[in-house]
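Participant: Residue numbers for the sequence shown, in mature numbering (1 follows the signal peptide of the UniProt record, and there is no 0): -19 to -1, 1 to 1164.
Glycine included, every Cβ here is placed at the ideal spot set by N, Cα and C.
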Amino acid sequence: MKFIGIWMVSMMLPSGLHAATWLKNLKVEYRNTPLAVGVMHPRFAWQMEVDDKSRGNLQSAYRISVIDETGKEVWNTGKVKSTESLGIQYAGESLRPSTRYQWHLTVWNQKNEELQASSAFETALVLGTDYNHPVATAGKGTYLAWEGAKWIGRGNAPVMFYAPYFPTFRLHYELQLDKKSKSTAASFIFGANDPRLMDRNKNLLGVSNAKDSSYIRVELDIAPLRKSKPARINFYRRGYKVGETDAAPLVSYDIPAAVINRQNQYAAHQIDISMDTGAATLFLDGKEIVGEKVEIDTDGKQHSVGSLILNPTGEQGNNYIAYPMLVDWGYYVAKGQKATFSHIEVRNFKSPQNVIAAPLQQLSASQLSANQLSVDGKKEGALGIFAFKENTAPMLRTEFATSGKKVRKARLYATARGIYDIYIDGKAVSKAYFNPGTTEYNHTHTYQTFDVTSLLQQSGEHAIGAVLSEGWWSGGATYVTGNWNFYGDRQSLMAKLQITYEDGSQQTIVTDPATWKSYDDGAVRYGSFFMGEVYDARKEQDCKGWAMPHFDDRNWQTAVEVKESDFKTSEDFQLLPDMAEAIMPVDTLTALNCVEPRKGVYVYDLGQNMAGVPLVHFSGLKPGTEVKIRTAEIKYPDLPAYHDHVGMIMTENLRVATSQDVYVARGGEETFSPRYTLHGFRYLEITGVDAPVAPDQIKAIVVSSMNEQASQYSTSRSDINRLWLNSVWSTRSNFMSVPTDCPQRNERLGWMGDISVFGRSATYITDASQFLRRYLISVRDLQSAKGQYPDVAPTNCGFGGLLWASAGVTLPWELYQQYGDKAMLAEHYASMKRYIQFVLDEYVDKKTGLIVQHHQWGDLGDWLSPSYEKDDKSLVWECYFIFDLDILSQMAKALGKTEDAAWLTRLANERRAFFRKTFVDEATGKTICSWYDAERKGQLIDTQTSYALPLAFHVVDGDLQKKMAAHLAAAIKTPMAGYPAYSLLTGFIGTAWISKALSDNGMSEEAYRLLQYEGYPSWLYPVKNGATTIWERLNSYTVKDGFGENNSMNSFNHYSFGAVASWMYNYSLGICRDEKSPGFKHFILKPEVDPTRGITHAEGYYDSMYGRIRSRWQYTDSGIRYEFTVPANTTASLYLPAPAVSFISENGKPLKKASGVRYVSADKELHHLELASGSYQFDIKQK
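See below:
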């Protein structure tokens, strides 16, 4: 005991008495100098930093003083004896909205020396108790602080529209055949002149059409009536396949006599065509029913007369490249025929189905008669094809004057339905992309706060300008194309500029149609996340200086108010200050090379798959030159299946998303980088230029909500390092306002299952505290009345079931453990408890006690596992439910809810007993099927996932745990189902936990072998095949089979399989959370070296809430060297393997002489030490 006592003293007596110490990272609500703190009692945090020579640095006390704008002190904690520097809650006078507060921090260290630092924060427009209750009265009360600001938009052509990028729409027209000439047929045309079908390099169909030679033609044919046969609707398709003509109908439909007969054949007939990514439905006069498929509108007025697939691939829907687009419209009337077309309208497919194009209005008066288009086929026949008029990105502006007084403070509060950029006097107020980000807009909308003081120092005239685009609000929003315009189809802006002068007086400018104007012919012709941006630089001249004062806006129209009644918002709708970081430019990449796989097609390799936008500099283009920029993640490999496309970019996996930017040049030196689209890509294809642009002029701006990286991991193996880096890049690519599944195809959704399994890794890779806290608001917004969590948030457009919904419990746990955020737990706790009750009430079979969910395909198991069909989904669900119960019990304890904690613990133990009885063969300890699948009941499962989950979640213990660990090892080391030993046979779910299960059970050797296996399937197989991000599938690409017929359902940037990153931090580096000390005030260091010596060293760090934690280990000639850094004001428990304590030295000294080290105990050959803050070097001698 005397020996240990000496070490305890040495830990408390730091060396380096003259070490430099300072305070840094002063934060309020987890952000540095936030401009819009929305809670009444914000929390403060800070870090102590010391040089590497000092150990045992601690905070012994702190004092916080908060000063308001008048200089009044509103809170002074006094000297508080505490080592806590995280989550210190404000307890002073009531904070005022829209007010800047300075706070001064004094910290006393272990020697009672004072350290001082200062920072500031500002409050939001309104304050609440938390982000569940941000405003006293919801609904209309949300807007009180906006002082009359209105949602405003463009009055003329209010809905953005670019016909070549429209795969889903409703088309209406009236057609009247000419009675006098006894005409019998006329056709309406759409889908004409699709640019993709006019250039063989832009399609996989091998077609290259001339102008006006490709289209869909819908013909009304009454000629059969003369033979007492039904009139017909004939669909023709021309130019969508090689050699395809419209000599004969593609398909025909009889029209019932009750709809068209000899008596009404020459009346005007209403035709309505609905197109949804290749699937056409046609209605005629709203009467009777004819056709293969019956569809009756809710109002009972329209009846289907036919539906068919017009996509030339024979496919329709969200998983495929979409044909036809709306593109151009027109007519065809054969020789000797006459017809009149009227009331031609295009509407959005989805409600509110506003009119977005009325093309007859764009024809000249000479072409029309009484607003009707009369066509005479004469002797040659008449074919007319016209382009739809574009409805461009809305532009808004206003002017105002400041007084001659000096401006002390100016804040711009802004948000949009859609996304926006906003300018003052021609200068962008932010570099951010895609504000306000995405939330479940019907319930929660966020606004941004900008410090614009520096832009208003000049007194006199000023201007505000804004550009709006679709974003997540409208346009393509989910993989279900029928959800086009998920929240609404009109973009609008709401803003308030508040200027405070030195004398305390204020001036406010708000969005109001009375003082704002709008424009519909700017350079941004269209902007869509899925489809791309269309930009006509020639239009810049017309708008030069549009966001400056004194601009001539006589050609602009008065803005209009876009009323809330146009959209469906909930009664509890809230407008919140944005609590998380915006999407920012975080990196710029330059092309490595250029190849020309086909003449005039230039493909550039950026060297890294990512999410962002192109940045291209052009020189010498002729004005009006149309340059097309397509993006892709991968190129077609040189395999027989792709012989026609080798070297071309592969776009099939983008599906409906065209991911193409169009730039129309103004001439001269010019640079294009879109602001209103987002692409996931590594390769960039340019066409339309006479010669290739030099690679150094081709760049990509990487954008992400992951503004900073919080960790690093590297080893002696470059491929392992690349695997870790791929996880980082996939996080960067998919943290885009919400945690998404992929950044490239027509999906990009906040799938809960993906972030559930990746959440732990994500919280080490970046500071995700407020990013994921904001995401949880959308999760709660979409929770059902019964308590069911969504599978996707926002939108709830998806499937998945219990494993996906569990993110509503697992994410708060990860955030609490990583960041010590108890306030987040408190605001989310009731929601989690409701979810647990929902599972018990709705998912558990009352007779058997088995979790069965809905017994449908969408109740997913270990998604994309090679062993998916062999697993019992109910076993996987049971393990996750037990995990949810366990961690929620601990969260309940943290919140002082002891009765709930006891109930949850009891329930978890009951489910453990049920698991053992239901899924385990008692004799062997192997997993068996339950009666979820009656035909397989009692059969062996024996898969990697079926053992990994119960082990990782501590579902089993004792002898059964040992047996299952042995079975897991056997399932990994034994070739199974044609896969070699050490193949990774887990899916999204099992992959996240298999390495943990191995290491927790003393099998880190197997974990390292699994990590380093290079064959298929494995983590390294994609790396060996050039992956720079994590792939969605273990077989997204194989050398033998290429894309394996997964061309369309295949993302090359999907972080789920990268969840092994958490094992790299927690086990390879050994940086682990202490669950009893959330936020890393105290943490665990327990590195697992590679027993195989395939990896001979590993090192890295994690930037915790208290500072940087470092860990490094390396095999040496004499043994193993470990190096660690414990941040100031923290302590760590270190576990080192050694034959005896005498084999351990620290910095060349015997352990008992090491400063800052306390020996605790040994468990066999694992030695437990406690470390004070500081840096250490331990050597373990070989035996």
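(1) Measuring alpha carbon to alpha carbon, tell me which residue in Lys210, Glu95, His85 is nearest Ala101.
(2) Label Cys1053 either buried or exposed according to how many other C-beta atoms from any shown protein chain fall within 10 Å of its C-beta, with 16 as the threshold for buried.
(3) Since I believe Glu451 is in contact with Ile133 (beta carbons under 8 Å), could you give me their beta-carbon distance rounded to a whole number of angstroms?
(4) How long is the line joining the alpha carbons of residue 1165 and Ile758, rounded to whole angstroms?
(5) Report the three-state DSSP secondary structure of Phe369 (helix, strand or coil).
(6) Can you confirm whether the stretch 173 to 189 touches the stretch 214 to 224 when touching is taken to mean that 3 or more C-beta pairs between the two stretches lie within less than 8 Å?
(7) Could you spell out where the beta strand (DSSP E) holding Leu96 opens and where it closes?
(8) Under a three-way DSSP split, which group does Gln798 fall into?
(9) In terms of residues, what are the limits of the beta strand (DSSP E) holding Phe895?
(10) For the alpha helix (DSSP H) that Pro578 lies in, which residues bound it at each end?
(11) What are the residues that DSSP puts in a beta bridge with His1063?
(12) According to DSSP, is Gln834 helix, strand or coil?
(13) Whose C-beta lies closer than 6 Å to the C-beta of Tyr404 among residues of the same chain, with five residues either side of it excluded?
(14) Could you pull the start and end residues of the beta strand (DSSP E) that Arg213 belongs to?
(15) Please say whether Leu941 and Pro847 have beta carbons closer to each other than 8 Å?
(16) Have a look at Tyr304, Gly19, Trp27 and flag the residue whose alpha-carbon is nearest the alpha-carbon of Asn13.
(17) Which ranges would you report for the beta strand (DSSP E) in the stretch 493 to 566 if only whole runs of at least 3 residues count?
(18) Strictly under 8 Å for the Cβ-Cβ distance: is Trp89 near chain C by that measure?
(19) Use the C-beta contact count for Gln342: other C-beta atoms within 10 angstroms, 16 or more gives buried, fewer gives exposed.
(20) Measuring alpha carbon to alpha carbon, tell me which residue in Ala72, Phe554, Thr489 is nearest residue 1200.
(21) Between the stretch 706 to 714 and the stretch 616 to 636, are three or more C-beta pairs nearer than 8 Å?
(22) Please classify Pro595: does DSSP put it in a helix, a strand, or coil?
(23) Ala1079 lies in the beta strand (DSSP E); which residues open and close that run?
(24) The beta strand (DSSP E) with Val674 in it runs from where to where?
(25) Rounded to the nearest angstrom, what separates Lys1067 and Leu436 at their Cα positions?
(26) Flag this pair as yes or no: are the beta carbons of Ile254 and Ala212 separated by less than 8 Å?
(27) Which full runs of the beta strand (DSSP E) of 3+ residues lie inside the stretch 151 to 206, going along the chain?
(28) Return the first residue and the last residue of the beta strand (DSSP E) that Trp84 is part of.
(29) Could you give the first and the last residue of the continuous beta strand (DSSP E) run that contains Phe653?
(30) Judging by CA-CA distance, which residue of Tyr414, Trp453, Ser551 is the nearest neighbour of Asn423?
(31) Distance check for Ser1114 and Lys1164, CA to CA, integer angstroms please.
(32) Kindly list the residues whose CB is nearer than 6 Å to the CB of Thr886, restricted to its own chain and excluding five residues on each side of it in sequence; keep chain order.
(33) Under the rule that 16 or more other beta-carbon atoms within 10 Å means buried, what is Ser742, buried or exposed?
(34) For a test of your reading of the model: does the CB of Ala883 fall under 7 Å from any non-hydrogen atom of the ligand FAD? Yes or no.
(35) How far does the alpha helix (DSSP H) with Asn702 in it extend, from its first residue to its last?
(36) Alpha helix (DSSP H) containing Phe1024: first to last residue?
Facilitator: Let me lay it out:
(1) By one-based count along the sequence shown, residue 101 stands at place 120. With distances taken between Cα atoms, Ala101 lies closest to His85.
(2) Position 1072 of the sequence shown, counted from the start, is the residue given in the question as residue 1053. The residue is buried, with at least 16 neighbouring Cβ atoms inside 10 Å.
(3) The sequence position of residue 133 within the sequence shown is 152, counting from 1. The sequence position of residue 451 within the sequence shown is 470, counting from 1. Not quite, the Cβ-Cβ distance comes to about 17 Å (not below 8 Å), so this is no contact.
(4) The first residue shown for the chain is -19 and the last is 1164, placing residue 1165 beyond what the model contains.
(5) For the purposes of this step, residue 369 is taken as residue 388 along the sequence shown, with counting starting at 1. Here Phe369 sits in coil by DSSP.
(6) yes
(7) As a first step, residue 96 must be located in the sequence shown, where it is residue number 115. Run containing Leu96: 95 to 109, per the beta strand (DSSP E) assignment.
(8) Sequence index remark: in the sequence shown, residue 798 carries index 817 (1-based). Residue state, collapsed to three classes: helix.
(9) Taking the first residue of the sequence shown as 1, we reach residue 895 at position 914. Element bounds for Phe895: not the beta strand (DSSP E) but the alpha helix (DSSP H), 879 to 900.
(10) Position 597 of the sequence shown, counted from the start, is the residue given in the question as residue 578. From DSSP, Pro578 is part of no alpha helix (DSSP H) but of the beta strand (DSSP E) over 574 to 579.
(11) Residue mapping note: residue 1063 aligns to position 1082 of the sequence shown, counting from 1. Paired residues: Thr1112.
(12) Mapped onto the sequence shown, residue 834 falls at position 853. Gln834 falls in the coil class under three-state DSSP.
(13) Locating residue 404 in the sequence shown gives position 423, where the first residue counts as 1. Contacts found: Gly446, Ala528.
(14) Taking the sequence shown and counting its residues from 1, the one referred to as residue 213 is at position 232. Here the beta strand (DSSP E) through Arg213 covers 213 to 219.
(15) Position 866 of the sequence shown, counted from the start, is the residue given in the question as residue 847. Position 960 of the sequence shown, counted from the start, is the residue given in the question as residue 941. Their beta carbons are not under 8 Å apart, which means Pro847 does not touch Leu941 by this criterion.
(16) By 1-based counting over the sequence shown, the position of residue 13 is 32. Asn13 has its Cα closest to that of Trp27, out of Tyr304, Gly19, Trp27.
(17) 498 to 500, 505 to 509, 513 to 517, 555 to 558
(18) The displayed structure is made up of one protein chain only, and chain C is not part of it.
(19) Residue 342 sits at position 361 when you count from the first residue of the sequence shown. Gln342 is exposed by the Cβ-count criterion.
(20) No answer is possible for residue 1200: the residues shown for the chain start at -19 and end at 1164.
(21) no
(22) Position 614 of the sequence shown, counted from the first residue, corresponds to residue 595. Three-state result, Pro595: strand.
(23) Sequence index remark: in the sequence shown, residue 1079 carries index 1098 (1-based). Segment 1078 to 1085, the beta strand (DSSP E) holding Ala1079.
(24) Residue numbering aside, residue 674 sits at position 693 when the sequence shown is read from its first letter. Looking at the DSSP string, Val674 is not in any beta strand (DSSP E), and its letter there is neither H nor E.
(25) On the sequence shown, position 1086 is the one that residue 1067 refers to. On the sequence shown, position 455 is the one that residue 436 refers to. If you take the alpha carbons of Lys1067 and Leu436, they lie about 52 Å apart.
(26) As a first step, residue 254 is located in the sequence shown; it is residue number 273 there, counting from the start. As a first step, residue 212 is located in the sequence shown; it is residue number 231 there, counting from the start. Cβ distance not < 8 Å, so Ile254 and Ala212 don't count as in contact.
(27) 166 to 173, 196 to 202
(28) Against the sequence shown, residue 84 aligns to sequence position 103. Note, Trp84: beta strand (DSSP E), 81 to 90.
(29) Indexing the sequence shown from 1 puts residue 653 at position 672. Per DSSP, Phe653 belongs to the beta strand (DSSP E) from 649 to 653.
(30) Working through the sequence shown from its first residue, we reach residue 423 at position 442. Comparing Cα-Cα distances from Asn423 to each of Tyr414, Trp453, Ser551, the minimum goes to Ser551.
(31) To locate residue 1164, count along the sequence shown from 1; it is residue 1183. To locate residue 1114, count along the sequence shown from 1; it is residue 1133. Spanning the two alpha carbons is a distance of roughly 24 Å.
(32) The sequence position of residue 886 within the sequence shown is 905, counting from 1. Contacts found: Ser870.
(33) Taking the sequence shown and counting its residues from 1, the one referred to as residue 742 is at position 761. With 16 or more Cβ atoms within 10 Å of its Cβ, Ser742 is classed as buried.
(34) The ligand FAD is absent from the structure shown, which contains no ligand whatsoever.
(35) Here residue 702 refers to the residue found at position 721 of the sequence shown. Where Asn702 is concerned, the enclosing alpha helix (DSSP H) stretches over 699 to 715.
(36) For the purposes of this step, residue 1024 is taken as residue 1043 along the sequence shown, with counting starting at 1. No alpha helix (DSSP H) holds Phe1024; DSSP gives it neither H nor E.
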